[in-house]
Structure formats: structure tokens, C-alpha cells
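Colleague: After the C-alpha cells below, expect a handful of questions from me.
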Amino acid sequence: MRPAAAIAALLAIPVFLALASCDSGSSAEEARLLALSEGTSEDWGIVRSTLAWAWDEELHGLPLGETMARIGVTFVGTAYVPQTLEVEGPERLVVNLRELDCVTFVENVLALGRFVHLHDPSVLDDDERLRAEYRRLLTEIRYRGGELEGYPSRLHYFSEWIADNEARGLMRDISRELGGMADDTPIDFMSTHPDAYRQLSEPGIVDEIARAEARLSARPRYFIGEAHIEDAAPGIANGDIIAATSTVDGLDIAHTGLALVRDGGVFLLHAPLVGSEVQISEFPLSARVQRIGGQDGIMVARPLEPGAAAGDR
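The sequence shown begins at 137 in our numbering and counts up by one.
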């Protein structure tokens, strides 16, 4: 469970439910876990059809953020399901596009957008290559340094998710240049609420998480306060990654989504914490943040074009 989802526990919303323990030797259970991590035929059908549509629409010729905004809209109506990454057993890459939470929505749309810009439609002729490349892109986005090395390597805090992906050239944090102010409040929600996370019961994991929190707390980060979002809105572009900052002690981000610029305003394309499906916010971004308790501003990250040497183009 990501820290953003953990807020629900503080609000008495029972979203954290440990999966029932199963016989690790059961072939049926192994098949179920494999499907969760490898992706079902429906998941890969979504990947394939989305990529084919994007190339047909020539989205690879648009700025990456614009490509992401258009791909993101195709997921409107997709079921919102929390904790889809919390599968039984050791940490593994989960491929699930049938059910999305606020973070996995952003991750999958970013992976799809980068895929479209890195490759050409010929990859559709090689299913093994397509799956391997999508898994590589998703791993690069979801894990610290782009390497899956157990549960602590997952980028659980979204401000670190932004910083880590920025360090590897996938995006740029533009919060400060949009008028953001420094936020030096310490981040320690996971290590101070270990009972909310099944994996933190394993020896040594809390200590690893605490060390990551200490590094994150020491790193400068900036956010745009809710009173200044409207002033910053003209500088926000389609497909920019929006992270709503949290008022909960020890927690950096409460919610995530993508900016959707329409009708002269910036709206949020997102999978809401309390809701049933991916949707476009009813109110503009500034008004939405001000109406939601537990949120007091935003961070903004702009997706960057993949390097020409990194892919097929």
C-alpha cells in the first residue's frame, strides 16, 4: 500500500486488507500470483490496443505530456481499486491495467506514453518483445534507480517518485519555477505506522524504509500552496503530473493524477481515492484541492521526451 492510500486508515476507511495467507506450494496459487505479476491476457490486450491506437493517431509526434493526456482520457471509466500492487509473497512487478489506483494510473500512462515515443508499430508483431519492454518501462518508473530489489526499492513516497525519475531524465519537477515554496517537514509515515503495511513485519524492512525516509526528508522539495494554484495554472501543461500534498503528519502526498487543460482551466484526470473509476474532476484543479480535506497544495512534474539513443527512434 502506498502512503497516499494509507490516509484512508486515518479516516476510518477500511482500505488496508491483508491478503489471506495461501499455500505457497499450491499450483493454483502460483498461477494466480503469476497472473498478477505477469499480467492477464486482458491487461496485455489493453496495452496492445492502446499502443496501436496511439500510433494510428500519430501521438508519437506530439509532446510526451500531450500524448499522455490523450492516452489517459482513454482510461476514463476504468475501475478504481486500491492496493493492486500488494500481492502475496515477495515484491514483484505487477502489471494491471484493468484496475487502477491514483499512482498506478499515472505510472501506466507514463509507461504507455514513453513506449509510443520510444518505439514504432513494428513491436506489435513481436509479443514477447512488447511485453518485455513494457515491463522494463514500468520497472524503471516504479522502483528506485529503475531496479526492483525488494519491497523497500519501490518508490512508496510520491515526492521521491518524482525526484528519482527526475534524476534519471524521465521528468522535471517544475513546482519551484511555478512559484512553489520550500517544504521541510519530515517524512516518516510508513516507519511510524508499520502495522498498516504487511511487508513491514518482515525483519529489517522498517529500518530500510526509515533510512529512505531520512534521505527524502533531507532533500529540498517544493510545493505550490492551495492559495496559489490558480496563479500557477497558466504554467501547467496537458499531461503534467500533479501530486496533491498532504496535511497528514509524516506524509508528503495525498493524491496523484494528470493535468488536463480544457475550457481555459486545468482539471485533474485521475483515479480518485474515494470513487469507483478513473475520471476527470468536476472542478478545476485549484478549486478541487481547496474542497478536499487533507490536501493543501500541489507538486507538478513535467514528463520529458525519451533520449533519442534510448529507443528505436
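Positions of the beta carbon are idealized from the N, C-alpha and C atoms, including for glycine.
Going by alpha carbons, who is nearest to M317 out of V259, V342, Y358?
Modeller: Y358
Colleague: To which residues does DSSP link M317 through a beta bridge?
Modeller: F359
Colleague: Assuming the contact rule is C-beta atoms closer than 8 Å, E296 and L352 should be a hit. Round their C-beta distance to whole Å, please.
Modeller: 5 Å
Colleague: Leaving out five residues before and five after G282 in sequence, what residues of the same chain have Cβ atoms less than 7 Å from its Cβ?
Modeller: Answer for G282: T275, E276, R304, listed in chain order.
Colleague: Please go through the same chain and pick out, in chain order, the residues whose beta-carbon is closer than 8 Å to the beta-carbon of V245, but skip the five residues on each side of it.
Modeller: Excluding residues within five positions, the ones whose Cβ falls inside 8 Å are M204, I207, G208, F211, L394.
Colleague: Assuming H407 and D237 form a contact by the criterion Cβ under 8 Å, report the distance between their Cβ atoms to the nearest whole angstrom.
Modeller: The question names His, but residue 407 in the sequence shown is Ala. About 6 Å; that satisfies the 8 Å criterion.
Colleague: Please classify R424: is it buried, with 16 or more other beta-carbons within 10 angstroms of its beta-carbon, or exposed?
Modeller: buried
Colleague: Mind the definition here: the stretch 175-182 touches the stretch 226-233 only if three or more C-beta pairs lie below 8 Å; say whether that holds.
Modeller: A contact exists between the stretch 175-182 and the stretch 226-233.
Colleague: Does the stretch 385-400 come within contact of the stretch 284-300, defined as at least 3 CB pairs closer than 8 Å?
Modeller: At 8 Å Cβ cutoff, the stretches touch.
Colleague: Applying the criterion that 16 or more other CB atoms from any shown protein chain within 10 Å of the CB defines a buried residue, is T381 buried or exposed?
Modeller: With at least 16 other beta carbons inside 10 angstroms of its own, T381 counts as buried.
Colleague: Have a look at E174, G225, T214, H255 and flag the residue whose alpha-carbon is nearest the alpha-carbon of E194.
Modeller: Nearest of E174, G225, T214, H255 to E194, Cα basis: H255.
Colleague: Would you list the one or two residues that DSSP bridges to E413?
Modeller: A215
Colleague: Excluding sequence positions up to five away, which residues of its chain have a Cβ less than 6 Å from the Cβ of V442?
Modeller: Note on identity: in this sequence residue 442 is Pro, with Val being the wrong assignment. Result list for P442: R250, H253, L254, in chain order.
Colleague: Within its chain, find whatever has a CB closer than 6 Å to the CB of A324; leave out the 5 residues flanking it on each side and keep chain order.
Modeller: With the sequence shown as reference, residue 324 is identified as Asp, and Ala is not the correct amino acid for it. Cβ within range, chain order: E349, G386.
Colleague: Identify which residue in E418, L260, G286, D261 has its Cα closest to the Cα of R228.
Modeller: G286
Colleague: When the Cα atoms are used, what is the spatial distance from I345 to M326?
Modeller: Here the C-alpha atom of I345 lies approximately 7 Å from the C-alpha atom of M326.
Colleague: What three-state label does DSSP hand D288 in the structure shown?
Modeller: Checking the displayed sequence, the identity of residue 288 turns out to be Pro instead of Asp. Of the three classes helix, strand and coil, the one that applies to P288 here is helix, per DSSP.
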